[in-house]
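Engineer: Residue numbers (the working numbering), protein chains in the order written: chain P, 703 to 839; chain Y, 929 to 1732.
#1: Just to confirm, are residue 761(P) and residue 778(P) a CB contact at a threshold of 7 Å?
#2: Note down the Cα distance separating residue 1152(Y) from residue 1103(Y), rounded to an integer number of angstroms.
#3: Can you give, in chain order, each stretch of the alpha helix (DSSP H) that sits fully within the region 1158–1244 of chain Y and has at least 4 residues?
#4: May I have a chain-ordered list of the beta strand (DSSP E) segments no shorter than 3 residues that lie completely inside the region 773–809 of chain P?
#5: Let me confirm a value: residue 1232(Y) is counted as buried when at least 16 other C-beta atoms fall within 10 Å, else exposed. Which label applies?
#6: How many Å lie between residue 746(P) and residue 1326(Y) at the Cα?
#7: Pick from 1499(Y), 1476(Y), 1457(Y): whose alpha carbon is nearest that of residue 1470(Y)?
#8: What is the C-beta distance between residue 1634(Y) and residue 1536(Y), in whole angstroms, given that I count them as a contact (C-beta under 8 Å)?
#9: Provide the residue(s) that pair with residue 757(P) in DSSP beta bridges, ordered along the chain.
#10: Verify the CB distance criterion: does residue 1312(Y) have a CB-CB separation below 7 Å to chain P?
#11: Look at the Cβ atom of residue 1329(Y), then the Cβ atom of residue 1636(Y), and state whether they are nearer than 7 Å.
#12: How about residue 1164(Y): is its C-beta nearer than 7 Å to some C-beta of chain P?
#13: Is the Cβ-Cβ distance between residue 1189(Y) and residue 1280(Y) less than 7 Å?
#14: Does DSSP put residue 1486(Y) in a helix, in a strand, or in coil?
#15: In the DSSP assignment, find the beta strand (DSSP E) that holds residue 1086(Y) and state where it starts and stops.
#16: Could you tell me how far apart the beta carbons of residue 1052(Y) and residue 1120(Y) are, in whole angstroms, since I believe they sit closer than 8 Å?
#17: Classify residue 1164(Y): buried if its beta carbon has 16 or more other beta carbons within 10 angstroms, exposed otherwise.
#18: In whole angstroms, give me the CA-to-CA distance for residue 1456(Y) and residue 1464(Y).
#19: In this structure, how does DSSP classify residue 1542(Y) when only helix, strand and coil are distinguished?
#20: Candidates 1458(Y), 1238(Y), 1029(Y), 1086(Y): which alpha carbon is nearest residue 1020(Y)'s?
#21: With distance defined between alpha-carbon atoms, name the residue in 951(Y), 929(Y), 1083(Y) nearest to residue 1004(Y).
#22: Touch check for the region 944–953 of chain Y and the region 963–983 of chain Y: three-plus C-beta pairs under 8 Å?
#23: Counting only Cβ pairs nearer than 9 Å, list the residues of chain Y close to residue 780(P).
#24: Could you round the C-beta distance between residue 1394(Y) and residue 1317(Y) to whole angstroms and report it? I think they count as a contact, below 8 Å.
#25: Anyone know if the C-beta pair for residue 1530(Y) and residue 1505(Y) falls short of 7 Å?
#26: So residue 1297(Y) contacts chain P; which residues on that side make the cut at Cβ distance below 8 Å?
#27: Cβ closer than 9 Å: which chain P residues qualify as neighbours of residue 1550(Y)?
#28: In the structure shown, what three-state DSSP assignment does residue 1662(Y) receive?
#29: Using CA atoms only, rank isn't needed, just tell me which of 1700(Y), 1641(Y), 1324(Y), 1559(Y) is closest to residue 1607(Y).
#30: From 973(Y), 1131(Y), 1023(Y), pick the residue whose C-alpha is nearest to that of residue 1044(Y); which is it?
#31: Within 7 Å of any Cβ in chain P, is that where the Cβ of residue 1502(Y) sits?
#32: What is the DSSP secondary structure of residue 1633(Y), reduced to helix, strand or coil?
#33: So what's residue 1076(Y) in DSSP terms, helix, strand or just coil?
#34: Determine contact between the region 816–827 of chain P and the region 1007–1025 of chain Y, defined as no fewer than three beta-carbon pairs at a distance below 8 Å.
#35: Count the other C-beta atoms from every protein chain shown that fall within 10 angstroms of the C-beta of residue 1599(Y), then say buried if there are 16 or more, exposed otherwise.
#36: Taking the Cβ atom as the reference point for each residue, do residue 1216(Y) and residue 1183(Y) lie within a distance shorter than 7 Å?
As structure tokens, then:
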């Protein structure tokens, strides 16, 4: 079929097809990224959250609240800028080296019926105290 | 002294950079005087920034805490090795490193082109010096990032370097990444120069491709070191987490890879000029973006470096670069038209185009995922982010496609390949791929992971294809020149470093991807909680926690384990541990605050060609912490002079009271307290050994992961071979020099075609056609050199004298 067309036309068709495929792929990428993403919440917002929905919790570990037990870590997390509200958190899995009281963390998980945030295994991310600013602790 | 000298040097560096820009612009019409002046200004800039770096390093090593950068990132106790590296752990030091590396690279580039590219060099100089003036100006004027700002009064000691950064990789990982980022400035600057001067043949590419390759290799090596650091040190057992800062370094590397391939198409065929200009602009912009990301705090990252004042300025520079370059490329579209078209889809240039598209798609995907939190917030108002599985889903197929084309590309000749020759070159790799597939199906469970299986099969294809290239090249060489096979192999590599160095890079990358695919798809990853004496079974291995260990000194508390691992025929002992550091800057304090400071994991690793055994420990510190708190409480009671405290404690308490009255006694009292605390800490440490000492161990069995590091090193070696300058290059006068370079390039193409023909990659007809075309082109070049109508063209277009 294409052989019968003149080269100019052939190139144009090729270009349109290629662009079409690229646009399709890009749309798929954009679409899936919105459904695959996890929304971020702070502890004060999580208190009212429905159990069972997965969120990225961002906040600050309450100093002195970290306990280690048989089934992993237990600690409390407060909002980044407001330490007045905090929620209990359970987590098992890798603990990044910088993790400790007072650090900012991101943890993926969901609220349980008893009002605690249950982190998924190996999803704990700790923000470094920064290479580029002095330690604020 | 250091501060004032450094401040003056930095200010002079800024002015020198501006002067270099001014002189370069005056020399835009090619007036040698100004060009020479601007080049020397860049050399002077390099000297001044070298002085600045030397001053800062001397201040670090000499514990000069009058400089705030030294006070904030080093201390008397910091080991000397890390004092050298502490400079780039700071914001201001890393900016200084950026500017310094840029000045060195610019000087080298200008030296290498000192009598070439007369129209392009002034503009390129202006761009390089312009970027240098931006970064030096940033340190001087942005506020809070001047490496020579001082503290008064001068503190006695510094805060120290974060223990997490005290790892040998700190010495080379950041400088490698920075050098990679920065070195991409050179091809970018020459591309801009070529666009402005409308000199859009391949001359700017020939002059800077080595810099692009070096930048690519440095950035890649930096990424590899970072992955290794993460694997052995951070205690989670992974080497890549799709963290924004990792992605920020990967993106320019990917686009740089595309650039290195597509410039070959421009050099050989005069095509893809717009594409190449866009790629180098994108690479440089992404390098700046990486520099920006680590300093802006806009994205959540484990590398989050905190907000700082320089982010908005770098963003401004990125905007200027993007807008300026785009406008420039659009205004030069007419000059950027391709000289030729792609003849056939079965040709090396067509494969390069496909590989370019895959690399750009890979980068675009990573870019989208990295910036998704910002995009999502913009559209939905909700902060949300994408995790590793999303990245894996899209990048895996693209990476597998790349492996396939890494194998196919080198097998195809330029311009076109006939069906007959294609059959000949694809036969062996095809059989190898089939053999790999059958072997894996019969003898392993690799087929359970479809993507990994596909990657192994394609890797079999690619590696066999590359081996065939070496073998056929060497065989062709032998048939032309004789000699033994190893001699011939060395000779072909030495004779065409760029081509065979490139093939070695391909081998390395394929091996690296095999390591990644195997270790990520077939990893065993278990958490086990054990008390001393207990064992657990992981795969076919028995892991026994033999006994706990403990060590304590003034700075850290180390809890470790002796772990014995038994497999059917062998056994070995590993000693993972965890160090608890006192918070930085606190030489004394309570014992419990050891556990408030940084903790670092020392991984136990038994590496092997088949698989790695990796173990990290997370000791249960509940009991130790309770004991420490009790001891601290007891100590406080004792200092208060509470009744019933032991006598040595009462002595300290009396000493404290005396010190309160007489300040000269304070050092004695402090020393007394410290030694008492040390004794108590040692006692608590010993109590850990008897208190149960349960610990959680993360055990990972990682198949073939070693090949990832080996592959990376092979690729690095290949890149070094490719950049190594050829022996005995003559220096030639300016105008003739450029024609000479063109002629050389054409002769090389003719020799390549001959070799391809001899190696069976080109059929007889294809070769006859190609050879005739190439020789016509060579004649054209010779004509230009002799003026029109030179006689005896046919003789001049004789075969180049040196075959292969």
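Every residue, glycine too, gets a C-beta built ideally from N, C-alpha and C.
Structural biologist: The structure says:
#1: For the purposes of this step, residue 761(P) is taken as the residue at position 59 of the first chain. For the purposes of this step, residue 778(P) is taken as the residue at position 76 of the first chain. Taking 7 Å as the Cβ cut-off, residue 761(P) and residue 778(P) do not qualify as a contacting pair.
#2: Here residue 1152(Y) refers to the residue found at position 224 when the second chain is read from its first residue. Here residue 1103(Y) refers to the residue found at position 175 when the second chain is read from its first residue. So the two alpha carbons sit approximately 13 Å from each other.
#3: 1172–1197, 1201–1224
#4: 774–780, 788–793
#5: Counting from one through the second chain, the residue named residue 1232(Y) turns up at place 304. In this predicted model, residue 1232(Y) has a pLDDT of only 49, less than 50, meaning its place in the structure is not dependable enough to derive any value.
#6: What you label residue 746(P) is simply residue 44 of the first chain in a count that begins at 1. What you label residue 1326(Y) is simply residue 398 of the second chain in a count that begins at 1. C-alpha separation (whole angstroms): 41 Å.
#7: For the purposes of this step, residue 1470(Y) is taken as residue 542 along the second chain, with counting starting at 1. Nearest of 1499(Y), 1476(Y), 1457(Y) to residue 1470(Y), Cα basis: 1499(Y).
#8: Counting from one through the second chain, the residue named residue 1634(Y) turns up at place 706. Counting from one through the second chain, the residue named residue 1536(Y) turns up at place 608. Between residue 1536(Y) and residue 1634(Y) the Cβ distance is about 7 Å, and since that is below 8 Å, they are a contact.
#9: Your numbering for residue 757(P) matches position 55 in the first chain. Partner(s): 741(P), 811(P).
#10: Locating residue 1312(Y) in the second chain gives position 384, where the first residue counts as 1. Yes, contact with chain P.
#11: Position 401 of the second chain, counted from the start, is the residue given in the question as residue 1329(Y). Position 708 of the second chain, counted from the start, is the residue given in the question as residue 1636(Y). No.
#12: Indexing the second chain from 1 puts residue 1164(Y) at position 236. Yes, because at least one Cβ of chain P sits closer than 7 Å to the Cβ of residue 1164(Y).
#13: Here residue 1189(Y) refers to the residue found at position 261 of the second chain. Here residue 1280(Y) refers to the residue found at position 352 of the second chain. Closer than 7 Å, so yes.
#14: Residue numbering aside, residue 1486(Y) sits at position 558 when the second chain is read from its first letter. Looking at residue 1486(Y) - three-state DSSP - the assignment turns out to be strand.
#15: In the second chain, the residue the question calls residue 1086(Y) occupies position 158. Run containing residue 1086(Y): none; DSSP gives neither H nor E here.
#16: Walking along the second chain from the start, residue 1052(Y) turns up at place 124. Walking along the second chain from the start, residue 1120(Y) turns up at place 192. Contact holds; Cβ gap of about 7 Å.
#17: Working through the second chain from its first residue, we reach residue 1164(Y) at position 236. Burial call: buried.
#18: As a working mapping, residue 1456(Y) is identified with position 528 in the second chain. As a working mapping, residue 1464(Y) is identified with position 536 in the second chain. Rounded to the nearest angstrom, the two C-alpha atoms are 7 Å apart.
#19: Counted from its first residue, the second chain places residue 1542(Y) at position 614. Note: residue 1542(Y) maps to strand in three-state DSSP.
#20: Within the second chain, residue 1020(Y) is the residue found at index 92, counting from 1. When each option's Cα is compared against that of residue 1020(Y), the closest is 1238(Y).
#21: In the second chain, counting from the first residue as 1, residue 1004(Y) sits at position 76. Selected option, being the one with the closest Cα: 1083(Y).
#22: yes
#23: For the purposes of this step, residue 780(P) is taken as the residue at position 78 of the first chain. In chain order: nothing, as chain Y lies at least about 17 Å away.
#24: Here residue 1394(Y) corresponds to residue number 466 of the second chain, with the count starting at 1. Here residue 1317(Y) corresponds to residue number 389 of the second chain, with the count starting at 1. That belief does not hold up - the Cβ atoms of residue 1394(Y) and residue 1317(Y) are roughly 32 Å apart, past 8 Å.
#25: The residue labelled residue 1530(Y) in the question sits at position 602 within the second chain. The residue labelled residue 1505(Y) in the question sits at position 577 within the second chain. Yes; because the gap between Cβ atoms is below 7 Å, this pair is in contact.
#26: The count along the second chain starts at 1 and reaches residue 1297(Y) at position 369. 735, listed in chain order.
#27: The sequence position of residue 1550(Y) within the second chain is 622, counting from 1. Near residue 1550(Y) (Cβ distances below 9 Å), the residues of chain P are 769, 770, 771.
#28: Locating residue 1662(Y) in the second chain gives position 734, where the first residue counts as 1. Below a pLDDT of 50, predicted positions are generally treated as unreliable, and residue 1662(Y), at 48, falls in that range; no measurement from the model is reported.
#29: The sequence position of residue 1607(Y) within the second chain is 679, counting from 1. Taking only the C-alpha atoms, the option nearest residue 1607(Y) is 1559(Y).
#30: Counting from one through the second chain, the residue named residue 1044(Y) turns up at place 116. It is 1131(Y) whose Cα lies nearest to the Cα of residue 1044(Y).
#31: On the second chain, position 574 is the one that residue 1502(Y) refers to. With 7 Å as the cut-off, residue 1502(Y) does not count as an interface residue toward chain P.
#32: Within the second chain, numbered from 1, the residue matching residue 1633(Y) stands at position 705. It is coil, neither helix nor strand.
#33: Here residue 1076(Y) refers to the residue found at position 148 when the second chain is read from its first residue. Residue 1076(Y): coil per DSSP, three-state reduction.
#34: no
#35: Residue numbering aside, residue 1599(Y) sits at position 671 when the second chain is read from its first letter. The residue in question, residue 1599(Y), is exposed, as its Cβ has fewer than 16 Cβ neighbours within 10 Å.
#36: Position 288 of the second chain holds residue 1216(Y). Position 255 of the second chain holds residue 1183(Y). It is not a contact, given that the beta carbons lie outside the stated cut-off.
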